[in-house]
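Numbering (my numbering), first residue to last: 620 to 768.
Here a beta-carbon is modelled for each residue, glycine too, at the ideal position from N, C-alpha and C.
Beneath this line is the structure, given in structure tokens, with notes to follow.
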């Protein structure tokens, strides 16, 4: 029996570095976020009050972010880290929507989540191939007949 070995798709150096930079931006921002949550400066206390959260949850949130970022940084757990980070940032988005914050405050967490996923996909071809099946045939497009719904 003959076996065919499949080597993982190689990623160009430029693409790999772009992915690393995007992931690095994500990690640095989230580390900053965890640090200020743990330090609880006046701006964080005010933001928590504005969002309707007790400041006592700031430290548990900071610890959660650090755990999620640790998962995101290591290749074996990076997808799990990205999924958990997306959930965390989805909660941030929901919090901003709930209190009627400006549009930028609402979409900023989604931008960070997008950077996290873009960084992973750019560094890892197999992940992109799992997300999007390029080998699947596309369905034929049906022509619309005039006058018919």
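With distance defined between alpha-carbon atoms, name the residue in 739, 703, 662, 682 nearest to residue 782.
Given a span of 620 to 768 for the chain in the structure shown, any question on residue 782 remains unanswerable.
So residue 654 is in the alpha helix (DSSP H); what residue range does that whole segment cover?
632-658
Pick from 637, 657, 736, 634: whose alpha carbon is nearest that of residue 697?
Looking from the CA of residue 697, the closest CA among 637, 657, 736, 634 belongs to 736.
Express the C-alpha separation of residue 747 and residue 729 in angstroms, rounding to a whole number.
19 Å
Could you tell me the alpha carbon to alpha carbon distance between residue 709 and residue 667, rounded to whole angstroms?
16 Å
When DSSP labels each residue in this structure, what does residue 754 get in the three-state scheme?
coil
Anyone know if the C-beta pair for residue 690 and residue 703 falls short of 8 Å?
Yes.
Compare the beta carbon distance of residue 678 and residue 661 with 8 Å and say whether it is the shorter of the two.
no
For the putative contact between residue 742 and residue 630, defined by C-beta atoms under 8 Å, what is the C-beta separation to the nearest angstrom?
6 Å
Along the alpha helix (DSSP H) that carries residue 672, what are the first and last residues, could you check?
Counting along the chain, residue 672 falls outside any alpha helix (DSSP H), and DSSP gives it neither H nor E.
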